[in-house]
Amino acid sequence: MAPVVTSVSPAQGAPAGGTNVTLTGSGFTGATMVRFGPNGTTFVIVSDTQITAKTPAGTGTVQVTVTAPTGTSTQNVFFTYAAAPVLTALIPSSGPTAGGNVVTLNGTNLTGATSVKFGSNPAVILTNAPTQITAIAPTAPPSSVNVTVTTPGGTSNPLPYTYTATPAPTLTTLSPTSGPTTGGNIVTLNGTNLGGATSVKFGSNSAVILTNTPTQITAIAPAGTGTVNVTVSTAGGTSNALPYTYAAAPVPVLSSLSPTSGPTAGGNVVTLNGTNLGGATSVKFGSNSAVILTNTPTQITAIAPAGTGTVNVTVSTAGGTSNALPYTYAAAPVPVLSSLSPTSGPTAGGNVVTLNGTNLGGATSVKFGSNSATVLTNTAGQITVIAPAGPPSSVNVTVTTAGGTSNPLPYFYLAAPTLSDLSPHLGPDTGGNTVTVFGTNLTLTNAVNFGASPATSLVVVSDNQLTVTAPAGVGTVVVTVTTPGGTSTAATGNPYYTYLGAPVLTSLTPSHGADVGGDAIVLGGSNLTYTDAVTFGGVPASFAAISDTQVVATSPAGAPGTVNVVAHTPAGNSNALPFVYDPS
C-alpha cells in the first residue's frame, strides 16, 4: 500500500528553505523520496509513521508527498512558503533603559510572528497583524540595538532602536503643602520627569499613587506628624525633596440641622451644616449612629437612625467631637389614601398604579389584598407602585408607614379579554367598513387594533360583542382588543382580518352575447379572488372565480342593447365594462 501523509509540522517556512519539519502518517518504511511540490529534499525515516526533513527552497503553497517502493502518497497535505517579514518603521524609535514602553512595528508579512527582539532581548508581543505589531520593549543599557521580527517566513531586516538613560525626576511644587495627621487627603505633585514613578514618600511613609504623568502626580497622603520631606522615585533616581507639614485637625463645629425633627422610625435624610466637618468618622443621634451619605468640610447629609424624644446630634472627626444640636423624634401620622389611578388592571399585574393621599412618606409596604406591590417612587403626597398579580376580584389597597396602616381603597383585577371571531374577516384596504368583534371580557374595551392601526367608532354592544370601523391597511393582520385587564392574543379563536384591494375589470371575453343569455363570459382584471357577485345590467349572474385575475360568468337573459358588467368583492364594486346583448 502506498505511503499516507496526514500532516506536516510546521506547515509554513521561509522561501529559502532549510526549515526542519516533521511528517506524520503511515507506510514510511523504505521511503526513497520526500518532495515539497516538485522539489525533493533530504530526510530521515524516524519510524514507519514519522519522517523528519529539511525543506528545499520554494514559493507559494505546495503539496508534500512521500515516495516508497509501494508508491507515492496522494493526500492533500500542503506546506506554505511564507514571504520573509519586512520592517519599515518603529514608533517610537527610542525609549527608556527600563523598557516597559509600547513600540509599534510597521511593515509587511508580519503575520504569525514568533518573536520580536530588541538586540538579543525578546519583547512581549501585544498585537500581531500582517502590517503591524505592537510590543513591550525589554530593558537594556543605554545603547542602540537592532529590532527584528521572526515569522515562519524567516527573520526581518533590522531597524535601529535607541535606549536612552532616564533623567532624574524633579519636584517644583506641592498642593496643598499641609494636611491632617491622619492623612487621607489628596496631594498634587508638579515637576518634570515624573513618569513611571515607582514610589512617592512622605518622609519614610509611602503614599498611594492615584495618577501619574511626566509633569504631575496625585497621591493620597499617608498619616504622619510634623514637617516631612516629600520625594518621588523613578527609574531615573529620586527627586529633590519638598516640605509637607502635618497639622492637627481642627475640632468640628455644627451650626444647623435641617430638618430638626423626624419620625421615630428614622430613615429620613438630615443635612448638618457647619465647619471643619471633612473626614467625619461618625454622626450620632444620641447614642445611635447615622448612615453618612455625603461629607464635605461644611456639610454632611446622613440618614437618621430610629429614636424617641429629643436627642443631641454630634459629628466626630480626627479633630474631635463637635458641639451638640437638638433633634426631636415625633410620632409619625397615620397615612391616608384618597385615590388610586387606575382603579383596575390585569390579573398578571405589572402595571403602574399611582396612590394619592397624605402622610405617605417613608412607606414600608403597599399591599394589594395580601400581596405586596413594588414601590417605585414615594413622597408624602403620592406613591407609584407596580401592581402584583392577583385573581379576578376586588381587593383592598393599603399603605403602611411608621405611623400605621392607611384606610383601604378598592382595586379590581380584570381578566384579559379574548377575541374569538370577526364578522366579516375581509374588507377594503381603504378601511371604513363596520366589523363586529366577538369574544369575552369586552365590557371595558378602550382600544381595538388592526395590526398596529387603531380602529375607530368603537361601540361596546355587550361583554361578548363590539362593533368598530376598520382602519386602512394591507395584507392579513391580527385584530386585538385592549381593556384594563390586558390585550387579547391570537392564541385562541380566529382574530385575523384580511385587507383586499378594490376589484378591477380590464376585459370581457367575449364582450357580447345572445339576448337569451347562457353565454360563458370571461371577466379579466385584478383582485378578483374573493368575488361574491357579478351583475349584467344589475341582473345577478352565476359565476366562478378562477384566480385573482379571472372570473367566468354565465350571462343572464337581457334585452338587446348594451349593459354594464360589474364584479363585487368584500372590498366593493369594480369599475363597469360594457356588454352587448345581440337580438336573437
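Per our numbering, the sequence shown starts with residue 5, numbered consecutively.
Backbone N, C-alpha and C define an ideal beta-carbon position, used for all residues, glycine too.
- When DSSP states are grouped into helix, strand and coil, residue 15 belongs to the coil group.
- The beta-bridge partner set that DSSP reports for residue 586 consists of 518.
- The straight-line gap separating the alpha-carbon atoms of residue 46 and residue 40 is approximately 11 Å.
- Between residue 393 and residue 490, the beta carbon gap of about 12 Å keeps them out of contact (Cβ cut-off 8 Å).
- In the structure shown, residue 79 falls within a coil segment according to DSSP collapsed to helix, strand and coil.
- Burial check for residue 173: the Cβ neighbour count within 10 Å reaches 16 or more, so the residue is buried.
- Around residue 450, the same chain offers 486, 487 as residues with beta carbons nearer than 7 Å, after the five sequence neighbours per side are excluded.
- No residue range can be given for residue 578, since it is assigned to no beta strand (DSSP E) and is classified by DSSP as neither H nor E.
- Straight across, the Cα-Cα distance linking residue 81 with residue 8 is about 10 Å.
- Counting C-beta atoms within 10 angstroms of its own C-beta, residue 55 has 16 or more neighbours from the protein chains shown and is therefore classed as buried.
- Looking from the CA of residue 115, the closest CA among 465, 17, 348, 146 belongs to 17.
- For residue 111, the pairing in a beta bridge is given by DSSP as 91.
- In the three-state DSSP reduction, residue 474 falls in the coil class, being neither helix nor strand.
- Assignment of residue 40 by DSSP, reduced to helix, strand and coil, places it in the strand class.
- The three-state secondary structure of residue 281, taken from DSSP, is coil.
- Rounded to the nearest angstrom, the gap between the Cα atoms of residue 423 and residue 465 is 14 Å.
- For residue 252, the closest alpha carbon among the candidates 228, 397, 14 is that of 228.
- In this structure residue 143 is exposed. Its beta-carbon is surrounded by fewer than 16 other beta-carbon atoms within 10 angstroms.
- Between residue 22 and residue 58, the CB-CB gap stays under 8 Å.
- Here the stretch 343–358 makes no contact with the stretch 304–314; the two share fewer than three CB pairs at distances below 8 Å.
- By the Cβ neighbour-count rule, residue 483 is buried, with 16 or more other Cβ atoms within 10 Å of its own.
- With respect to the 8 Å criterion, residue 507 and residue 557 are not classified as neighbours on the basis of their beta carbons.
- The Cβ neighbour count for residue 498, taken over all protein chains shown within 10 Å, is under 16; the residue is labelled exposed.
- Taken through DSSP and simplified to helix, strand or coil, residue 216 comes out as strand.
- Annotation for residue 425: the continuous beta strand (DSSP E) segment containing it runs 422–427.
- Beta-bridge analysis with DSSP links residue 251 to 184.
- Per DSSP, reduced to three states, the secondary structure at residue 173 is coil, with no helix or strand assignment.
- In this structure, the alpha-carbon of residue 336 lies about 30 Å from that of residue 325.
- Taking each of 384, 539, 417 in turn and checking the Cα distance to residue 391, the smallest one comes out for 417.
- Counting along the chain, the unbroken beta strand (DSSP E) around residue 557 starts and ends at 554–558.
- Put simply, of 231, 262, 242, 263 the residue whose alpha carbon is nearest the alpha carbon of residue 249 is 231.
- Secondary structure note for residue 346: it is in no beta strand (DSSP E), with a DSSP letter that is neither H nor E.
- 255 is the residue among 586, 27, 255, 209 whose C-alpha sits nearest the C-alpha of residue 301.
- In terms of Cβ geometry, residue 44 and residue 50 do not form a close pair [threshold 8 Å].
- Judged by their CB atoms, residue 245 and residue 191 are not nearer to each other than the 8 Å cut-off.
- DSSP, reduced to helix, strand and coil, places residue 380 within a strand of the structure shown.
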